[in-house]
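This report refers to the structure that appears directly beneath it.
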Amino acid sequence: MALPRVIKLLLGDDGAKRLKNHVRKLDGIVPPEAMADEIKEILQSQKQTKN
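Residue numbers for the sequence shown, in my numbering: 203 to 253.
The structure is reproduced here in structure tokens:
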């Protein structure tokens, strides 16, 4: 899956770790859907900022 690579490219290693901790569930699992949703939100907010 390319999502981890995209996240590291966009956010760097530290940002990727912080994002994982942000979406991590109580049982320790990081849902890929939650990661994808957060990246979509980040990209959409960047679009709004540019316009």
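Just so it is clear, CB atoms sit at the ideal spot from N, CA and C, and this is done for glycine as well.
| For Ile231, does the count of other Cβ atoms within 10 angstroms reach 16, so buried, or fall short, so exposed? | With fewer than 16 Cβ atoms within 10 Å of its Cβ, Ile231 is classed as exposed.
| task | Alpha carbon to alpha carbon, how far is Leu228 from Lys242? Give it in angstroms, no decimals. | result | Roughly 23 angstroms between the two C-alpha positions.
| task | Determine, using beta carbons only, whether Leu221 and Glu240 come nearer to each other than 7 angstroms. | result | For the 7 angstroms CB-CB criterion, Leu221 and Glu240 form a contact.
| task | Could you check the C-alpha separation between Gln246 and Asp216 for me, to the nearest Å? | result | Roughly 21 angstroms separates the two Cα atoms.
| said: Mapping the DSSP letters down to three states, classify Ile241 as helix, strand or coil. | reply: Helix.
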